[in-house]
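Residue numbers (the working numbering): 32 to 320. Using N, Cα and C, we set each Cβ at its ideal position, and we do this for glycine too. Single-structure report; data block below.
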Ligand code: MG
């Protein structure tokens, strides 16, 4: 099944999927941390953050009692921005010291921030579906205080938080095109699609349109990433699906567990790490994020 990706030169001919960790309940939010040479990820129901060390091949607990963190990304200063379902906020982890970045919009609480990216201008973009307040094992039951599920842009310079996308049912994974002119967002509702928007002046999303729809048999898209050639790598119920920039499917990496998220990492950035239910998987690629 990886044949199409090998043929397209995206995976090396000897690429094979390895399971490098298992024993989580629901692994999410993978991020390569260059300073530590480790792959950090969330185990949401176990309420901990784990790190996999590819040198020793071991996974350890980085932090416990973390209020159900989910997606994360690296900020431009090397600190880590992460979403917390339990605290209903985006927060910053700098060497283990965690502080709030944004937890409200228009005077009410966010739902449960899920995934996050930083734009070229330093603004912080994140999705805010309801999973952390509707699924007790992933957070604390609560109300949708603004009554919807938006994608937000937070400007650290002004402290302003603005909704940029309001027409997605359950916005989940998100990723910019290489030049920042497009924003892709996965809708993990029964729509099972990825939408794409034009980003105007770095601050507004216009002309939202369908990019790809997953087949019912493939489950839902969750985390997504864009590689150096502007291809879109999406998680799904059956593994990873790689799309060309025009939305056509190039190929797949079947994964034996429901796949939540993925990221590029490793010393040269060409290892793809995949969080899939109880496990962390890795496969070598010929591209990078
Ligand atoms: Mg997610």
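Considering only the alpha carbon of each residue, which of 89, 253, 207 lies closest to residue 68?
Taking the chain shown and counting its residues from 1, one reaches residue 68 at position 37. Comparing Cα positions, the closest option is 89.
How is the beta strand (DSSP E) around residue 307 delimited, first residue to last?
Within the chain shown, residue 307 is the residue found at index 276, counting from 1. Element bounds for residue 307: 302-307.
Measuring CB to CB, does residue 147 end up less than 9 angstroms from residue 205?
Numbered from 1 along the chain shown, position 116 holds the residue referred to as residue 147. Numbered from 1 along the chain shown, position 174 holds the residue referred to as residue 205. Yes; because the gap between Cβ atoms is below 9 angstroms, this pair is in contact.
Residue 226: buried (16+ other C-beta within 10 angstroms of its C-beta) or exposed?
What you label residue 226 is simply residue 195 of the chain shown in a count that begins at 1. Buried, because 16 or more other Cβ atoms sit within 10 Å of the Cβ of residue 226.
Reference residue 296; option with closest CA among 36, 34, 82, 35:
For the purposes of this step, residue 296 is taken as the residue at position 265 of the chain shown. Of the listed residues, the one whose Cα sits closest to residue 296 is 82.
Jot down the residue ranges of each uninterrupted alpha helix (DSSP H) in the region 51-110, minimum 4 residues, whole runs only, in chain order.
none
Residue list, Cβ distance to the ligand MG heavy atoms smaller than 5 angstroms
145, 146, 203, 253
On a CA-only basis, which of 154, 149, 144 is nearest residue 161? Give me that one, please.
Start at 1 with the first residue of the chain shown, and residue 161 comes out as number 130. Nearest of 154, 149, 144 to residue 161, Cα basis: 144.
Residue 168 - DSSP class collapsed to helix/strand/coil:
Indexing the chain shown from 1 puts residue 168 at position 137. Reduced to three states, the DSSP call for residue 168 is helix.
Pick from 314, 293, 291: whose alpha carbon is nearest that of residue 302?
In the chain shown, residue 302 corresponds to position 271, counting from 1. Considering only alpha carbons, the answer is 314.
Mapping DSSP to helix, strand and coil, what is residue 217?
Position 186 of the chain shown holds residue 217. Residue 217 falls in the strand class under three-state DSSP.
Leaving aside the five residues before and after residue 319 along the sequence, list all residues of the same chain whose C-beta is less than 8 angstroms from its C-beta, in chain order.
Here the question's residue 319 lines up with position 288 in the chain shown. For residue 319, where only same-chain residues beyond five positions count, the Cβ hits under 8 angstroms are 258, 259, 295, 299, 300, 301.
Option in 138, 70, 42, 188 with minimal Cα separation from residue 102
To locate residue 102, count along the chain shown from 1; it is residue 71. In terms of Cα proximity to residue 102, the closest of 138, 70, 42, 188 is 70.
Alpha-carbon spacing of residue 61 relative to residue 306, whole angstroms
Residue 61 sits at position 30 when you count from the first residue of the chain shown. Residue 306 sits at position 275 when you count from the first residue of the chain shown. Taking the straight line joining both Cα atoms gives about 7 angstroms.
Where do the ends of the beta strand (DSSP E) carrying residue 311 lie?
The residue you call residue 311 lines up with position 280 of the chain shown. Note, residue 311: beta strand (DSSP E), 310-315.
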